[in-house]
Every structure is written in C-alpha cells, then in structure tokens.
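This report refers to the structure that appears directly beneath it.
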Amino acid sequence: MKKLLVTGGAGFIGVNFVHYTVKNKPEYEITVLDNLTYAGEEHNLDPVKGKVKFVKGDITDAELVNSLVADCDVVVHFAAESHNDNSLSNPWPFVHTNLIGTYTILEAVRKYSKRLHHISTDEVYGDLEIGSPERFTEDTPYNPSSPYSSTKAGSDLLVRAWVRSFGVEATISNCSNNYGPYQHIEKFIPRQITNVLSGNKPKLYGSGEQVRDWIHVDDHNSAVHVIIEKGKIGETYLIGASGEKNNKDVVETILETMDKPKDDYEHVADRPGHDARYGIDSSKLQTELGWKPKYTDFKAGLADTIAWYQENEWWWKPCKDKVENRYKKQGQ
Ligand code: NAD
Ligand code: TDX
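So for the sequence shown, the working numbering puts the first residue at 0; every next one is plus one.
Okay, structure coming up:
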C-alpha cells in the first residue's frame, strides 16, 4: 500500500480526488489534511467514511505538516484559497495559504525526502486574446493577473526552486477551469445552477464574452494520477480537455438544460482585471504520458452536474444567502 497525503481533500477538487482514488485506486491509503475553511466540509468525505483518515489542520502548521509528511509516501497538494473574487477583496489569506502553506509543505518533503505533486492553475499564464488560435503550453511565460493567480504562480516557482536547489522530487500540473459535484456555489457554474434552482436569474460579469476552458473534475483527477505514476520529476504538465466556451454560452446551456428561456439571465458589474480567455494545449500530457479525457461531451457533463445540485439542495442551500449577499455588495 502506498500512503497518500492529500491537502485540501475536503474542498471541491480534493474531495473528488479522494472519492475517485478510493473507487479506482485501492492500492492507496489516504490521509486528508484540511483546515475546513468556508470552502471545505468534513461531510464531503462521508461517502468514503472509514476508508480515509481525516486530520483537521492548517498547511502552515509546520509541526503538524512534518509529522504527516514523515508518515506518507506521496503528498498531493490541493489546499489553497481558490476564488479570484475573494482575492480582490482580501488578498491576505491567499498569500498565507498559497505561499506560506506551499513553502511549509516543501520544507517537509525536503526534510523527509518525499514525492510531491503540486496542483496549480492555468491562470498563472495570464490570459489570451478572445478569438486567437493561441493556447497556453508549458513554455508560456508566467504573467498572472489577480492576487489569487499571482500567489499560485509564486507557489509554482517555489516548487521549481526546491526541485532545482534541493533536489526535491516534485511535479506540477496547471489545469483549466473545473466543473462537477461539490464545487462551492461562489464559483460560476454552481452559482448559476443554484440561482435558477432558487428562482433567481444567472449573473454574467460584464459582456459575458470571456472564455474559459472547461474540464470535468474527474478528468483533472485522472490526469493527476497519471502524473503521480508516470510524470518526470521536475516537470510541469498542463491539464485541459479542449473545452473552451464563453460565459454567455455556458449560462445559455444551463438555462436550456433546466427548461428555462435561454435569455433569462442578467449582466452585472464586471470583475476588475477580468482575464479575457484561457485555453490549454495538453499535448505534452497526452503524448508523453498517454492521458486522455473521458468527459468530452460538455453538455452531458453539465447535465450530470445540474442533477447533482438538484438532488443535493441540503449541501448548498445553507450558504446560498450568504454568498449572494456578498456578491450583491459588489454589484454582482
Ligand atoms: P476549494 O476552495 O474548493 O478547496 C480548497 C480546500 O483547501 C478547502 O477544503 C479548504 O478548507 C482547504 N484549505 C484552504 N486553506 C487551507 C489551509 N491553510 N490549510 C489546510 N487546508 C486549507 O478549491 P478547489 O477549487 O478544490 O481547488 C483545489 C486546487 O486546485 C487549488 O490549488 C486550486 O488553485 C487548483 N485549481 C482549481 C481549479 C478550479 O477550477 N477550481 C482549476 C485549476 C487549479
Ligand atoms: O457569477 C459569476 N458570473 C460570471 O460571469 C461568476 C462567479 C463568475 N463569472 C465569470 C468570471 C469568469 O470569467 O465566469 C468565469 C469563471 O469564473 P470563476 O468560476 O470565478 O472561475 P475563474 O475566475 O475562471 O477561476 C477558476 O478557474 C481557475 C477557479 O476558481 C480557480 O481556482 C482556477 O484556478
């Protein structure tokens, strides 16, 4: 049995990773380290209760991190502050968790000579022009726009430096926008689904012409497993599934799937510094490591996600008013 330490395993992508691993990779024994911010819930781990160990704690707590890292084989580091809008109103938690937290993990894997896989985002590369054929590759220069993406960029650079200077055995992946079950309703797709379920209109920032490259969370996580198993130490892999769509098209698809008129949405204040377009070229991962996405039908994946929010109102309803009141104050 290989022991995995999964940071941020009670949040959206981390918890889906844990569920996926328990189901598909029984050779792994899992410990989750998560301090349960507003974005993490211990009950997200209920479906794998008894099969996974949960530790409530902060990734900046060096003593705790050291003791957990000493007792594992591989660290998969998902924990982060992850929402751009929050980073615009209060950047500090992003600096603290994404930079100091990643530093703390790096020092622990260095001390105990453990393998690390660092989860990051395509936002570190900045944005692309809408309509241009260009896509991000592993060679695109870093050019982050927001406090969120700049702290993720900084965390990637720390990992690269620890590989080069200290010989830490790490890989990095930069993935595009994920969708699927358990995503916090502050994020674009679940916010709009739960708006419709609550009798409210979906809200598009600005023109709604910005493009995101959508990938189902299980495809992200299958790629992470391929990198843990076959990735070359020190390398970066971009993860994406050719899912570029503009925000307006996504909202219209949500409305159509939920049997509402497709123009039943409203435009709200734009995000300051809003990135125009993300697009990923994942050829390296596909050709060198043989990974392929499974969820290539966005409408089908979205319909499954809508069904999950319909069936799990208990999961999102308690925080809906709080999230919407916060957006309202920002004119969004
Ligand atoms: P999330 O906000 O849903 O979950 C983050 C989790 O980390 C939560 O459970 C939270 O409690 C935990 N956490 C936060 N600070 C912590 C701390 N100091 N100590 C311990 N735990 C802490 O985020 P997500 O969307 O699941 O993103 C996970 C990772 O994937 C992040 O590193 C993010 O940058 C990256 N990523 C996300 C996307 C996306 O579309 N959501 C795309 C690419 C990369
Ligand atoms: O209500 C909304 N209306 C809207 O038009 C919200 C919440 C968002 N948007 C727009 C902004 C973006 O163009 O939708 C797009 C997606 O927004 P988010 O869900 O906030 O995602 P984004 O900012 O693109 O970042 C996401 O992908 C990369 C994740 O939150 C990051 O963690 C990840 O790194």
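Heads up, the beta-carbon is just placed ideally off N, CA and C, and yes, glycines get one too. Predicted model only: the values in this text are computed from it and were never measured.
One or two residues paired with residue i in a DSSP bridge
i, result
"Glu-265", "Lys-202"
"Asn-245", "Val-210"
"Ser-119", "Asn-173"
"Leu-237", "Asn-173"
"Ile-279", "Phe-135"
"His-82", "In the DSSP output, where bridge partners are listed per residue, His-82 has none listed."
"Val-51", "Ile-29"
"His-215", "Tyr-178"
Range covered by the alpha helix (DSSP H) that runs through residue i
i, result
"Thr-193", "187 to 196"
"Lys-328", "312 to 328"
"Leu-156", "146 to 165"
"Leu-284", "282 to 288"
"Val-64", "61 to 69"
Residue range of the unbroken beta strand (DSSP E) whose run includes residue i
i, result
"Asn-173", "169 to 174"
"Asp-33", "27 to 33"
"Leu-4", "1 to 6"
"Val-21", "Unbroken run through Val-21 is the alpha helix (DSSP H), 11 to 23; no beta strand (DSSP E)."
"Val-73", "73 to 76"
Heavy atom of the ligand TDX within 7 angstroms of residue i beta-carbon
i, result
"Asp-203", "Per the sequence shown, residue 203 should be read as Leu rather than Asp. Leu-203 Cβ: within cutoff of the ligand TDX."
"Gln-329", "no"
"Asn-85", "no"
"Lys-244", "no"
DSSP three-state assignment for residue i, whether helix, strand or coil
i, result
"Thr-101", "helix"
"His-224", "helix"
"Tyr-178", "strand"
"Lys-231", "coil"
"Arg-134", "coil"
"Val-110", "In the sequence as presented, Val is not what sits at residue 110; that position holds Lys. Looking at Lys-110 - three-state DSSP - the assignment turns out to be helix."
"Asp-45", "helix"
"Asp-126", "coil"
"His-95", "helix"
"Thr-295", "coil"
"Thr-36", "coil"
"Ile-400", "Outside the modelled stretch of the chain, which goes from 0 to 331, sits residue 400, for which no answer is possible."
"Ile-58", "coil"
"Tyr-141", "coil"
Buried/exposed call for residue i, threshold 16 Cβ in 10 Å
i, result
"Ile-232", "exposed"
"Trp-91", "exposed"
"Tyr-264", "buried"
"Gly-179", "buried"
Residue i: CB within 7 angstroms of a non-hydrogen atom of the ligand NAD
i, result
"Gly-7", "yes"
"Glu-80", "yes"
"Thr-59", "yes"
"His-183", "yes"
"Gly-278", "no"
"Gly-100", "yes"
"Asp-126", "no"
"Ser-144", "no"
"Ala-38", "yes"
"Asp-45", "no"
"Thr-96", "yes"
Residue i Cβ short of 7 angstroms to the ligand ATP heavy atom set
i, result
"Thr-150", "Because the ligand ATP does not appear in the structure shown, any question about it cannot be addressed here, the ligands present being the ligand NAD and the ligand TDX."
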